[in-house]
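Chains P and A, in that order, give the protein sequences. Letter by letter, the first sequence follows residues 1 to 150 of full-length UniProt numbering. Letter by letter, the second sequence follows residues 1 to 150 of full-length UniProt numbering.
2 protein chains.
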Amino acid sequence: MSIEKDIKQTAFRSPFHRLVVNLMYTNNWVCDHQARLLKPHGITLQQYNVLRILRGQYPNPVKVSDITERMLDKMSNASRLVDKLVAKKLVDRTECPSDRRAVDVVITQKGLDLLKKLDTQQWEDRLKTLSEDEAVHLSQMLDKLRGSED
Amino acid sequence: MSIEKDIKQTAFRSPFHRLVVNLMYTNNWVCDHQARLLKPHGITLQQYNVLRILRGQYPNPVKVSDITERMLDKMSNASRLVDKLVAKKLVDRTECPSDRRAVDVVITQKGLDLLKKLDTQQWEDRLKTLSEDEAVHLSQMLDKLRGSED
DNA sequence: TTACATTTAATGTAAATACACAGATTTACA
DNA sequence: TGTAAATCTGTGTATTTACATTAAATGTAA
Numbered sequence: 001m002s003i004e005k006d007i008k009q010t011a012f013r014s015p016f017h018r019l020v021v022n023l024m025y026t027n028n029w030v031c032d033h034q035a036r037l038l039k040p041h042g043i044t045l046q047q048y049n050v051l052r053i054l055r056g057q058y059p060n061p062v063k064v065s066d067i068t069e070r071m072l073d074k075m076s077n078a079s080r081l082v083d084k085l086v087a088k089k090l091v092d093r094t095e096c097p098s099d100r101r102a103v104d105v106v107i108t109q110k111g112l113d114l115l116k117k118l119d120t121q122q123w124e125d126r127l128k129t130l131s132e133d134e135a136v137h138l139s140q141m142l143d144k145l146r147g148s149e150d
Numbered sequence: 001m002s003i004e005k006d007i008k009q010t011a012f013r014s015p016f017h018r019l020v021v022n023l024m025y026t027n028n029w030v031c032d033h034q035a036r037l038l039k040p041h042g043i044t045l046q047q048y049n050v051l052r053i054l055r056g057q058y059p060n061p062v063k064v065s066d067i068t069e070r071m072l073d074k075m076s077n078a079s080r081l082v083d084k085l086v087a088k089k090l091v092d093r094t095e096c097p098s099d100r101r102a103v104d105v106v107i108t109q110k111g112l113d114l115l116k117k118l119d120t121q122q123w124e125d126r127l128k129t130l131s132e133d134e135a136v137h138l139s140q141m142l143d144k145l146r147g148s149e150d
């Protein structure tokens, strides 16, 4: 559905205004879908993203501060997110040997298994309204929107 | 900055995966900027969006249920959002005469003045890395991503 | 009219979030 | 060495959110 119809707004002040509204609307659309898939598995979207960061470095540990840096939504307390994942035994948390301030976090086998199961759900198929080339192009335009130079 | 550099992820499983991550990342980028501009004026992004919905219909009232429908992020209790706006005297809330279950909400002059002041801030200028045509195009691609047909 | 389903807004509650700050450790450097 | 600044994680607290439920008003149909 076009956003005009869905949010019943007929006029935007400018193409830039429509773009911003559309961006938020589309983001919510995507997050809703994702959260719905994750819910039966007992994890939130944020926890899922942390797990994927950890898988990306597996079997190396990742410090809480690194997780914070890489999280998409600016930092909603990686500390407490990791708490939740530890409680579910999806990650292990150990004191970093070389820096006792820091904490090493590693995804567990159980965590890897969960991600593997979620991978197969292929929820991104819902985006196949775009061709692969279009997905690349759209992503590049988002980079440009943010003023990304490289 | 490219998301690869910023979130230090080198590989995405597919262009679709990169697109989804980019969408969330860009949305957060935009929301951060907006929230930062709104904060000195004492309103949140959500409250700002409600005010704009109300201005769109001014001077006609809008029911709480209509606000819920039109909000971008699926419903985080329009009732309580309106509460906050009433407390700040940015909107008026009156019982709907024709249906005593419903509540009519109208933006006040103070609310209109605040929006006018915010309009002039032109924060959307930050998006001028894109041309007007590109903004239109990007918006259309987001529509297509969601499978919007019209 | 009565009975019952539906719509609408508000509320209760647990969880998540934002934001500031505290405590421990490391780093920099005089 | 000694001391101040910076770094890293955890916590306190108020607000916001998600989700279910309640309560009132309306619609519907016997």
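Idealized CB from N, CA, C, for every residue including glycine.
Around the beta carbon of A:Pro15, a 10 Å sphere encloses 16 or more other beta carbons of the protein chains shown; the residue is thus reported as buried. Judged by pairs of C-beta atoms under 8 angstroms, the region 111-124 of chain A does not touch the region 97-117 of chain P, as fewer than three such pairs exist. Between A:Leu51 and A:Leu23, the gap from beta carbon to beta carbon reaches 8 angstroms or more. In chain order, Lys88 place their CB closer than 8 angstroms to the CB of P:Gly42, counting only its own chain and leaving out the 5 sequence neighbours on each side. With a minimum length of 3 residues, the unbroken runs of beta strand (DSSP E) contained wholly in the region 48-136 of chain A fall at 91-95 and 103-107. Assignment of A:Arg146 by DSSP, reduced to helix, strand and coil, places it in the coil class. As the crow flies, the alpha-carbon of A:Val62 is around 14 angstroms from that of A:Arg100.
Under the three-state reduction of DSSP output, P:Ala35 falls in the helix class. Taking each of P:Lys117, P:Asn28, P:Ala102 and P:Thr94 in turn and checking the Cα distance to P:Leu38, the smallest one comes out for P:Lys117. In terms of beta-carbon proximity, A:Arg101 stays away from the interface with chain P, with every pair separated by 8 angstroms or more. Excluding residues up to 5 positions away in sequence, Pro61 and Asp92 lie with their Cβ nearer than 6 angstroms to the Cβ of P:Val106 in the same chain. Taking all protein chains shown into account, A:Asn77 has fewer than 16 neighbouring C-beta atoms within 10 Å of its C-beta and is therefore exposed. Cβ proximity to chain A below 9 angstroms picks out nothing from the region 78-108 of chain P. Approximately 5 angstroms separates the beta-carbon atoms of A:Leu19 and P:Ala135; this is inside 8 angstroms, confirming the contact. Chain P has no Cβ within less than 8 angstroms of the Cβ of A:Ala35. Note on geometry: alpha-carbon atoms of P:Ser139 and P:Gln46 lie some 21 angstroms from one another.
C-alpha of P:Tyr58 to C-alpha of P:Asp104: approximately 12 angstroms in a straight line.
For P:Thr44, no Cβ of chain A is located within less than 8 angstroms of the residue's own Cβ. Each residue's CA atom was taken as its position, placing P:Leu114 and P:Glu132 some 27 angstroms apart. Look at A:Ser14 here: in three-state DSSP terms it is coil, with no helix or strand label. Taking 9 angstroms as the upper bound on Cβ-Cβ separation, chain P lies near residues Asp66, Glu69, Arg70 and Met71 of the region 57-71 of chain A. With at least 16 other beta carbons inside 10 angstroms of its own, A:Arg70 counts as buried.
Within 9 angstroms of the CB of A:Pro40, no CB atom of chain P is found; the nearest one sits about 19 angstroms away. CA-CA distance, A:Lys84 to P:Glu95, rounds to 44 angstroms. With respect to the C-alpha of P:Ala102, the residue from P:Lys128, P:Thr68, P:Asp73 and P:Thr44 having the closest C-alpha is P:Thr68. One thing to note: P:Thr120 has its Cβ no nearer than 8 angstroms to the Cβ of A:Leu145. Taking a contact as a CB-CB distance under 8 angstroms, the pair P:Val82 and P:Val64 counts as one, their CB atoms being some 6 angstroms apart.
A buried status is given to P:Asp143, since no fewer than 16 other beta-carbon atoms sit within 10 Å of its beta-carbon.
Selection A:Arg80, A:Ile53 and A:Ser79 evaluated against A:Leu72 yields A:Ile53 as nearest (Cα-Cα). Here P:Ser98 is exposed, its C-beta having fewer than 16 other C-beta atoms within 10 Å.
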